[in-house]
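Asks:
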Amino acid sequence: MHDHPISQTWLDRWFKIVLVFKGIDGALELIGGLALLLVPSASLHAWIITIGQNDLVVDHDWLTHAVTSLGHSFTPGIQMYTAAYLLLHGVIKVGLVIALLSRKYALYPAAIVVLILFMLYQIYRIFTEGHWVFDGLLTVIDGLVVWLTIIEYRRHQAKVELPTS
Numbered sequence: 001m002h003d004h005p006i007s008q009t010w011l012d013r014w015f016k017i018v019l020v021f022k023g024i025d026g027a028l029e030l031i032g033g034l035a036l037l038l039v040p041s042a043s044l045h046a047w048i049i050t051i052g053q054n055d056l057v058v059d060h061d062w063l064t065h066a067v068t069s070l071g072h073s074f075t076p077g078i079q080m081y082t083a084a085y086l087l088l089h090g091v092i093k094v095g096l097v098i099a100l101l102s103r104k105y106a107l108y109p110a111a112i113v114v115l116i117l118f119m120l121y122q123i124y125r126i127f128t129e130g131h132w133v134f135d136g137l138l139t140v141i142d143g144l145v146v147w148l149t150i151i152e153y154r155r156h157q158a159k160v161e162l163p164t165s
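Take the sequence shown: its position 119, counting from 1, is numbered 119 in this note's numbering, and each next residue is one higher.
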């Protein structure tokens, strides 16, 4: 199989762009997880309730209700679970991005498996919790990363398997 140089350049560019977005997603999860660990539960609870009850929310119908409900149900246990979840996801995503951008080809198959597991979990959340916009977007991005990683890995394998003369 011969790859056209333009298609290689295009794929390389998209691979890097998608990985940067994935890295930003992971970094934001790390920041969010750290914030949840550092902010006292009482302060976070009061802040959420304030947002829900003040004019900080433009649409006072469904969004106000959602934010206020979140504030009332956001316990210290949920806060710690969410912090751990975000930190774990963030560390894994940033690690995957670093490995993929560093061309650590031995890690590509593991990265593909981890990303597919993320996708399966996100699809589960779409159907069970209705988080179709956010998780749908993340699933599409993960699918793109998986597809581009497979292409990149196959290209690398093809180069390795070429006999040297």
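Backbone N, C-alpha and C fix where the C-beta goes; we use that ideal spot for every residue, glycine too.
#1: For residue 122, which of 106, 143, 111 has the nearest alpha-carbon?
#2: Using the C-alpha atoms, what's the distance from residue 100 back to residue 107?
#3: So, helix, strand or coil for residue 73, using DSSP?
#4: Can you tell me the Cβ-Cβ gap for residue 27 and residue 94, rounded? I've got them flagged as a contact below 8 Å.
#5: Nearest-angstrom Cα distance between residue 135 and residue 125?
#6: Do residue 86 and residue 30 count as a contact pair if the criterion is CB distance below 9 Å?
#7: Using C-beta distances below 7 Å, list every residue in its chain close to residue 132, excluding the 5 sequence neighbours before and after it, in chain order.
#8: What is the DSSP secondary structure of residue 109, counted as helix, strand or coil?
#9: Give the single residue among 73, 145, 154 whose Cα lies nearest to the Cα of residue 97.
#10: So, is residue 16 buried or exposed, given that buried needs 16 or more other C-beta atoms within 10 angstroms?
Replies: With the given structure in hand:
#1: 143
#2: 8 Å
#3: helix
#4: 6 Å
#5: 7 Å
#6: yes
#7: 126
#8: helix
#9: 145
#10: exposed
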